[in-house]
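With the sequence shown counted from 1, adding 108 to any position gets you the numbering used here.
The C-beta atom is built at its ideal place from N, Cα and C for all residues, glycine as well.
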Amino acid sequence: MKKGSVLLILTGGTISMGKKANNSLAPLNCDEVLASIPEIQNMNINISSIAFSPLIDSSDMALENWVTICEIIEENYDKYDGFVVLHGTDTMSFSASAVSFMLENLSKPVIFTGSQLPVGVHRSDAKENLITSIEIAAARDDKGNAIVQEVCVFFEDQLMRGNRTTKRNAEEFDAFASFNYHNLAKSGVHIRFYPEYFWASGSKKPLKVHKHLDNNIAILRIFPGINEQTVAAVLRTEGLKAVVLETYGTGNAPSAKWLYKLLCEATKAGIIILNITQCRAGSVEMGRYATSLNLKKAGVVSGYDMTVEAAVAKLMFLFGKYDDNEKIKKELNTSLRGEVTIN
Ligand code: ASP
């Protein structure tokens with residue numbers, strides 16, 4: 109079989125940092141990152157790279173950076189078997205979620221990875237994360253088709269659907285988890301894929317890249333004692349189109365009349381309110397408890413088992429694409445890229 113080819117897209121983050129001559133940590137260029145992991149040269153895979161200039165800490169990731177990542181993939185789509193995006197860990201789950209929606213009909217792997225320790229330091233997790241991500245991005249079956257055909261996060265030894273991930277640990281190497289969906293592969297002595305969990309869009313259509321996103325959305329996290337002014341200030345934000353309402357348990361919120369009234373006022377004004385649980389695992393089930401019935405009556409939409417990261421990205425994507433709220437609500441309750449389990 110012909111040698112595989114992978115394009116590395118270096119955006120920044122800890123994985124792209126290394127020790128400079130004076131021993132201080134600073135961003136490295138692509139060549140310096142690759143030179144820090146000499147094993148990559150022996151992989152029998154053609155590797156090219158493109159870097160953001162300047163490299164950014166992922167706390168600075170913005171909508172235009174997601175568009176840039178997608179444009180690089182679009183321009184190079186036919187030239188490579190797969191893509192590895194080197195990204196800071198802090199917002200990697202948001203970026204992987206957004207890119208999953210922006211790339212429609214994807215039939216090649218796009219693997220986001222990063223590291224908790226800079227590539228150039230002793231004990232760094234960068235080497236294992238990057239080498240295995242490259243291997244997965246180049247992996248093809250007997251017919252030459254990509255084994256993985258979706259946007260993923262690879263970290264520690266797990267390949268996860270990108271829009272199902274959450275950064276769960278700021279300290280340990282095992283920093284990401286997919287609480288509501290089975291992993292897509294696990295690396296040990298061998299890389300073991302779990303194809304029964306792959307997103308099978310089955311699409312033979314050409315890649316379509318959606319570049320228009322709308323960030324007129326907010327996150328409102330409920331807590332005991334939350335007051336009316338705070339909720340009103342968020343829901344009455346000028347130009348607001350949607351709110352991710354982070355609720356308790358299976359989607360419950362205080363039964364205070366003022367909250368119900370404010371939610372009704374917002375939904376009547378055309379603001380979509382999407383109910384996402386604060387729990388890391390499990391699903392919203394509106395109507396299970398009386399404390400979520402009011403939300404349902406107020407027109408709040410269930411986000412089922414979506415992560416907050418996927419919910420934010422999906423709303424930005426849908427409002428960038430449609431201006432018809434009924435269509436958007438329908439799409440919210442449809443799994444577009446395997447991001448949600450609708451019971
Ligand atoms: N602040 C860094 C970033 O997200 C952290 C990391 O890469 O791990 O860019």
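Exercise. Using the C-alpha atoms, what's the distance from residue 237 back to residue 270?
Worked result: 15 Å
Exercise. Which same chain residues, not among the five before or five after residue 382, have their C-beta less than 6 Å away from its C-beta?
Worked result: Short of 6 Å from the beta carbon of residue 382, and not among the five residues preceding or following it, lie these beta carbons of its own chain, in chain order: 352, 409, 411, 419.
Exercise. Taking 6 Å as the line, does the beta carbon of residue 166 fall inside it for any heavy atom of the ligand ASP?
Worked result: yes
Exercise. Among 305, 239, 133, which has the Cα closest to the Cα of residue 149?
Worked result: 239
Exercise. With DSSP run on the structure shown, which of helix, strand or coil describes residue 305?
Worked result: helix
For this session: Quick one: give me the first and last residue of the alpha helix (DSSP H) that residue 337 is part of.
Result: Bounds of the alpha helix (DSSP H) holding residue 337 are 336 to 343.
Exercise. Name the DSSP bridge partner or partners of residue 212?
Worked result: 316
Exercise. Does the beta carbon of residue 122 fall short of 6 Å from some heavy atom of the ligand ASP?
Worked result: yes
Exercise. Can you list the beta strand (DSSP E) stretches of 3 or more residues lying completely in the segment 337 to 404, in chain order?
Worked result: 350 to 355, 380 to 385
For this session: Less than 8 Å between the CB atoms is what I'm expecting for residue 358 and residue 386, so what's the real figure, rounded?
Result: With a Cβ gap of about 11 Å, residue 358 and residue 386 do not count as contacting.
For this session: Use the C-beta contact count for residue 337: other C-beta atoms within 10 angstroms, 16 or more gives buried, fewer gives exposed.
Result: exposed
Problem set entry | the segment 384 to 402 / the segment 356 to 376 touching (three or more Cβ pairs under 8 Å) | yes
For this session: Mind the definition here: the segment 303 to 314 touches the segment 256 to 264 only if three or more C-beta pairs lie below 8 Å; say whether that holds.
Result: yes
For this session: Would you kindly report the start and end of the unbroken alpha helix (DSSP H) that includes residue 190?
Result: Premise fails: residue 190 lies in the beta strand (DSSP E), 190 to 194, not in any alpha helix (DSSP H).
For this session: Take residue 335 as the anchor and find which of 362, 433, 172 has the nearest alpha-carbon.
Result: Ranking 362, 433, 172 by Cα distance to residue 335 puts 362 first.
Exercise. Between residue 228 and residue 165, which are expected to be in contact by the criterion C-beta below 8 Å, what is the C-beta distance as a whole number of angstroms?
Worked result: Wrong, their Cβ atoms sit about 17 Å apart, outside the cutoff.
For this session: For the alpha helix (DSSP H) containing residue 328, list its first residue and its last residue.
Result: Here residue 328 belongs to no alpha helix (DSSP H); instead the beta strand (DSSP E) covers 325 to 329.
Exercise. From residue 132 to residue 234, what does the alpha carbon distance come to, in whole angstroms?
Worked result: 18 Å
Problem set entry | Rounded distance between the beta-carbons of residue 191 and residue 245, thought under 8 Å | 6 Å
Problem set entry | Which of helix, strand or coil DSSP assigns to residue 255 | coil
Exercise. Are residue 175 and residue 220 touching if we call contact CB-CB under 7 Å?
Worked result: No, the Cβ-Cβ distance between residue 175 and residue 220 is not below 7 Å.
For this session: Quick one: using the 10 Å Cβ neighbour count with 16 as the cut-off for buried, is residue 167 buried or exposed?
Result: exposed
Exercise. Which partner residues does residue 268 have in the DSSP bridge list?
Worked result: 261
Exercise. Excluding five sequence neighbours on each side, which residues of the same chain lie with their C-beta closer than 8 Å to the C-beta of residue 429?
Worked result: 318, 320
Problem set entry | Integer Cβ distance of residue 367 from residue 342, believed to fall under 8 Å | That belief does not hold up - the Cβ atoms of residue 367 and residue 342 are roughly 12 Å apart, past 8 Å.
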